[in-house]
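Numbering that gives the first Met the number 0 numbers the first residue of the sequence shown as 0 and each following residue consecutively. Just so you know, even glycine gets a beta-carbon here, dropped at the ideal spot from N, CA and C. Comments concern the structure below.
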Amino acid sequence: MLRRGVDSVTCIACGTSVDEADAYEYHKHGDHTDDHSGDHADDARHDHAGDPPEYLCAACFDDLSPGDRDGLEQLLCGLQAGDVTTREFLTRYADAVQESET
0 MLRRGVDSVT CIACGTSVDE ADAYEYHKHG DHTDDHSGDH ADDARHDHAG
50 DPPEYLCAAC FDDLSPGDRD GLEQLLCGLQ AGDVTTREFL TRYADAVQES
100 ET
């Protein structure tokens, strides 16, 4: 099946809709290196089995912190991210961060 026209994607950080060719592909495993050149090799793009692609707009990609994320996903899952209200999650997250700093 041929794709026609421009595909748009949604930035996972700000919700802005951008052309896929102008977006950065983001992987929660840390290898968010797509240069948004539009020259994507289909076999190299989605090499994380079962993970659908996620994208960042250029502005959000520029704001991305390259800091260490070891253990972050485990923490988020433990705090039930996505299963509780935003307020409850943020309270739990702030408490967990404070606890880890002491």
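Check: Pair within 9 angstroms by beta-carbon distance, E19 and S7; Outcome: yes
Check: Same chain, Cβ closer than 6 angstroms to T108, five either side skipped, listed in chain order; Outcome: With the chain covering 0 to 101 only, the question about residue 108 has no answer from this structure.
Check: Span separating the alpha-carbon of E98 from that of K27; Outcome: 24 angstroms
Check: Host alpha helix (DSSP H) of V96 (start-end); Outcome: T85 to E100
Check: C-alpha distance - V83 paired with L75, whole-angstrom precision; Outcome: 11 angstroms
Check: Straight-line gap, Y54 to E100 (C-alpha atoms, nearest Å); Outcome: 31 angstroms
Check: Residue span of the alpha helix (DSSP H) that contains E19, given as start and end; Outcome: Where E19 is concerned, there is no enclosing alpha helix (DSSP H), given that its DSSP letter is neither H nor E.
Check: Status (buried if at least 16 other CB within 10 Å, exposed otherwise) for C56; Outcome: buried
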